[in-house]
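Report on the structure given below.
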Amino acid sequence: MKKLCAILLVIAMSVTMIAGCGSTEKKQADTSQKTEKTETKEEKEPEIPATEYPLTINDQIGNEVTIKEKPEKIVSGYYISSSTCLALGLKDRLVAVEEKIEARPIYKYAASDIMDSLGNVGSAKAFDLEACLAAEPDLVILPKKAQDYAKTLTEMEIPTIVVNPESHDQLVEMITLIGSVTDSNKEAKALTDKYDEILTKLSELTEGIKEEDKPVVYMCGTSSYLTTAPKNMYQASLISTAGGKNAGDVLEGDSWVDVSYEQILEMNPDYIIIPTNNMANGQPDYSAEQLMADANLADVTAVKEGHVYNMPAGYEAWDSPVPSGILGMLWMTATLHPDVYSMEEFADEAAEFYKTFYHFDMDKSTITG
Amino acid sequence: MNGLQKRRKETIGVFLGVAVAVFIATVVSVCVGKYSISIEDILAILGGSDEVSVMSRKVFFTLRLPRTFMAILAGAGLGLAGSVYQIIFKNPLASPDIIGIAGGANLGAAVAIVSVSSSGMIGIAMGSFVGGFLAVLGVMLLVKVTRSRSTATYVLAGIVINAISKAFIMGLKYFADPENELAAMEYWEMGTLGNTTASKVMAIFPMFFVGFAGLLLLRRQIELLSLGDNECRALGMRLRLVRTIILLLSTLLVASVISITGLISFAGLIAPHISRLALKRNNSLTMCLSGLMGALVVLAADILARLIYSTELPISILTTVIGVPLLIYFLCERGKERVI
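So this is what it looks like as structure tokens:
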């Protein structure tokens, strides 16, 4: 009886083992099949790899930052990085941003549902460390101006990256950086690919324009038209990309410089552009009408021919390196060379841009009038 | 009770009152902030308990406590130095501005903002400290060149150095980038304690301590200086040496404070006046009370700076808001006594 039991037990165990092995083999086969399937899919569409954490990366001032886990609570203390976060689809991971967001229209369009719940961490000059920590962030993004606060946060073991978007290239670098640290590489690539596409389009549009047909453009400052963009400022590159000559190229410097009426008369620009104000819902401190009514500028070609324009207000400062700054180059092209690129085409392009990256429908009539 | 005893009691009363107010303000200051730490948590942190979250502990020790400590240091330093200036220059308008420290520190900070922007706040702090010191050395050099020994010469030399600093600052502001550098300069002039951290307070504390302790030790000489140059000489004091040491100590004190806080020198002008009116005399006791009063004004201003608006306000706005009513109150009190 005992022997019979032992034999039965051995048989039962063997059967179980064989069955077990069988299922494992099947499972293994299933897994290898799945891997094969994924590999075939990957071959079809080259996938952008996901960020692997812990991630050690250099920020835009060369600091080495280690991010242990995928950040879920992001504090952005700078309007350009905040706008980038919105464009990269990180809206729901933002917990606090810079002050005065009600004066920046992009929030109203792209983040109206979270505006009330977002914490306020002050400005780059007066960053509120305690308010930032109260939001319990696992990633803080700060501009170079606030690098001292970044140092304090790093000392407190809060992963903090410093960004410095002062030119188009640095903007692209910043977008890629934010994409990497937040595991939004795909979105970041889509945005920077869009820039490349627009820049190629722009160079195609403007390559046929002869040097003598390029108008002289005077770019005013936001607070006064007696300040302009000198040679090395972002706005100067904006004008040249759009097929114009910056009147301020005769002046040295990389930030707004004061000029006199005499200097403007000497420059005698064909176009005068009033940029969008960063704050105050984009409204500048003065209008094109006020500028044209200034008797001291009555003899300037731009005024005589009525070529004084406000950059469209109500979205973002397209004359600066913000994520939608590329639209400023397109708008400028449409303004200076409506024969090669019309304002209607620009309105379509701008609407598509905001729809794709900020997920809202832009009222095209705000552009075409 | 004779008059002397009554006066002593009054003095002790005033000192006690201000000390209690400083203590209360200190307690409030460590409890107030955007990061919420309850009073129970603070007591637990101070008691060394492990039950409080790591972040609360970090916020408390890295930001909250150093900030409160810096407010006390700043107020006490500026109050004491202001009082010393008012005594030795016999001038009720004397403040750290009078011998060029504020102007020099402002210029030093502006130079740092424009030229070494990458070094951030540490560069600005060092710039302002060096600027403040160089300005006072400039004043002393001018006094030496003019060979005039009167205190009035110091005041005039201070005006000259301040004017020169202002001219350079204007030049720098004109060429500065309005969005970054100019804004940073303007903001520095308004002053804030918002960027105070433990490491910054530790960095300036040795210099602050030397200045503060040195001035307290020299309180008798400071009192004597208020009598007049001839009297001092008659009493055998080495006038120029003592005056130089006092000026250098006070410069060390003020420059170390404003290198961290920015220009908040108004506290140094108003605290001595309030103290003098409260004590009805101007001697070494007034100096001490002025230090306490300065600490109270700056602490209260910093608490309000954090509380009254959604973001922090510059502290200079609030030292004025708090200091001026106090000054008016004591002026009215003195007016009443005269009428009686």
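In order, the protein sequence lines correspond to chains A and B. Those letters in the first sequence? Residues 1 to 369, per this note's numbering, in order. Those letters in the second sequence? Residues 1001 to 1340, per this note's numbering, in order. We put the beta carbon where it would ideally sit given N, CA and C, even for glycine. Owing to the predicted nature of the structure, the values given are computational and were not obtained by experimental measurement.
Q. Given that a residue counts as buried once 16 or more other Cβ atoms are within 10 Å of its Cβ, and exposed if not, what is residue 291(A)?
A. Buried: at least 16 other Cβ atoms inside 10 Å.
(Q) Quick check on residue 259(A): buried or exposed, where buried means 16 or more other Cβ atoms within 10 Å of its Cβ? (A) Buried, because 16 or more other Cβ atoms sit within 10 Å of the Cβ of residue 259(A).
Q | Assigned secondary structure, residue 366(A) (DSSP; H/G/I helix, E/B strand, else coil) | A | Helix, per DSSP.
Q: Identify the contact partners of residue 156(A) in chain B, using a Cβ-Cβ distance below 7 Å as the criterion.
A: Residues of chain B whose Cβ lies closer than 7 Å to the Cβ of residue 156(A) are, in chain order, 1058 and 1062.
(Q) For a contact defined as C-beta to C-beta under 7 Å, what are the partners of residue 229(A) on chain B? (A) Within chain B, no residue comes near residue 229(A); the closest Cβ sits about 12 Å away, beyond 7 Å.
Q) What separation, rounded to the nearest whole angstrom, lies between the Cα atoms of residue 1275(B) and residue 225(A)? A) Cα to Cα, the separation comes out at about 51 Å.
Q: Starting from residue 149(A), find everything on chain B with Cβ-Cβ shorter than 8 Å and list it in chain order.
A: Near residue 149(A) (Cβ distances below 8 Å), the residues of chain B are 1195.
(Q) Run through the DSSP bridge pairs and tell me what residue 94(A) is partnered with. (A) The secondary-structure analysis by DSSP pairs residue 94(A) across a beta bridge with 74(A).
Q. What's the call for residue 1174(B), buried or exposed, on a 16-neighbour Cβ count within 10 Å?
A. Result: exposed.
Q | is_contact[residue 1184(B), chain A] using C-beta, thresh 8 Å | A | Closer than 8 Å to some Cβ of chain A, the Cβ of residue 1184(B) qualifies, so yes.
**Q.** Residue span of the alpha helix (DSSP H) that contains residue 1014(B), given as start and end
**A.** 1003-1031 is the extent of the alpha helix (DSSP H) around residue 1014(B).
Q) Residues in its own chain within less than 6 Å of residue 80(A) by CB, not counting five upstream and five downstream? A) The residues are 165 and 322.
**Q.** Per-residue DSSP class, three states only, for residue 355(A)
**A.** Residue 355(A): helix per DSSP, three-state reduction.
Q: Let me know the secondary structure DSSP gives residue 267(A) once reduced to three states.
A: In the structure shown, residue 267(A) sits in a helix (DSSP, three-state: H, G or I).
Q | Pair within 8 Å by beta-carbon distance, residue 185(A) and residue 51(A) | A | Yes, Cβ-Cβ distance for residue 185(A) and residue 51(A) is below 8 Å.
Q: In the DSSP assignment, find the unbroken beta strand (DSSP E) run with residue 66(A) in it and report its ends.
A: Note, residue 66(A): beta strand (DSSP E), 64-67.
Q. Leaving out the 5 sequence neighbours to the left and right, which residues in its chain are closer than 8 Å to residue 1321(B) when beta-carbon positions are compared?
A. Contacts found: 1301 and 1304.
Q: Take the Cβ of residue 66(A) as the centre, count every other Cβ of all protein chains shown within 10 Å, and call the residue buried at 16 or more, exposed below.
A: Burial call: exposed.
Q: Measuring only between beta-carbons, confirm whether residue 152(A) sits less than 8 Å from chain B.
A: Yes, its Cβ sits closer than 8 Å to a Cβ of chain B.
Q: Return the residues of the stretch 60-71 of chain A that lie within a Cβ-Cβ distance of less than 8 Å from chain B, sorted by chain order.
A: Using a CB distance below 8 Å, the part of the stretch 60-71 of chain A facing chain B consists of 61, ordered along the chain.
Q.
Considering only their Cβ atoms, is the gap separating residue 1208(B) from residue 944(B) smaller than 8 Å?
A. The structure shown does not extend to residue 944(B), since chain B is modelled only from 1001 to 1340, so the question has no answer here.
Q: Using three-state DSSP, classify residue 1192(B) as helix, strand or coil.
A: It is coil, neither helix nor strand.
**Q.** Buried or exposed by the 16-neighbour rule on C-beta atoms within 10 Å, applied to residue 29(A)
**A.** Residue placement at residue 29(A) cannot be trusted, given a pLDDT of 43 that sits under 50; the coordinates are not used to answer.
Q: List the residues of chain B whose Cβ lies closer than 7 Å to the Cβ of residue 318(A), in chain order.
A: Under the 7 Å cutoff, chain B gives no residues; its nearest Cβ is about 16 Å from residue 318(A).
Q) Could one say the Cβ of residue 1026(B) lies closer than 8 Å to chain A's Cβ atoms, at least one of them? A) Chain A contact via Cβ: absent.
Q. Taking three-plus beta-carbon pairs below 8 Å as touching, is the stretch 1218-1225 of chain B in contact with the stretch 1177-1187 of chain B?
A. Using a C-beta cut-off of 8 Å, the stretch 1218-1225 of chain B makes no contact with the stretch 1177-1187 of chain B, since fewer than three inter-stretch Cβ pairs fall below that distance.
Q: Determine the closest residue to residue 127(A) out of 1306(B), 1334(B), 1318(B) and 1016(B), with distance taken between C-alpha atoms.
A: The residue from 1306(B), 1334(B), 1318(B) and 1016(B) with its alpha-carbon nearest to that of residue 127(A) is 1306(B).
Q: Starting from residue 228(A), follow its DSSP beta bridges and name the residues at the other end.
A: Within the DSSP secondary-structure output, residue 228(A) pairs in a beta bridge with 220(A) and 257(A).
Q) What separation, rounded to the nearest whole angstrom, lies between the Cα atoms of residue 1309(B) and residue 1326(B)? A) Approximately 23 Å between the Cα atoms of the pair.
Q) Got a sec, what are the start and stop residues for the beta strand (DSSP E) residue 1254(B) sits in? A) Secondary structure note for residue 1254(B): it is in no beta strand (DSSP E), and the uninterrupted alpha helix (DSSP H) holding it is 1239-1261.
**Q.** Selected residue, minimal CA-CA separation from residue 60(A), among 134(A), 172(A) and 113(A)
**A.** Distances from the alpha-carbon of residue 60(A) to those of 134(A), 172(A) and 113(A) put 172(A) closest.
Q | Neighbour flag for residue 1327(B) against chain A, beta carbons, 8 Å | A | No, residue 1327(B) lies away from the interface with chain A (no Cβ there is under 8 Å from its Cβ).
Q) Taking residue 1038(B) as the reference, which of 1317(B), 1166(B), 1015(B) and 1059(B) has the closest Cα? A) Ranked by how close their Cα comes to the Cα of residue 1038(B), the residues 1317(B), 1166(B), 1015(B) and 1059(B) have 1059(B) in first place.
Q) So which residues on chain A does residue 1178(B) lean against when the C-beta distance must stay under 9 Å? A) Within chain A, the residues 221, 223, 227, 255 and 256 have their CB atoms less than 9 Å from the CB of residue 1178(B), given in chain order.
Q.
Going by beta-carbon coordinates alone, are residue 269(A) and residue 216(A) separated by less than 8 Å?
A. Against a cut-off of 8 Å, the Cβ pair of residue 216(A) and residue 269(A) comes out as a contact.
(Q) Cutting at 7 Å between CB atoms, please list the residues of its own chain near residue 1121(B), excluding the five before and the five after it. (A) Excluding five sequence positions before and after residue 1121(B), the CB atoms of its chain that fall closer than 7 Å to its own CB belong to 1195, given in chain order.
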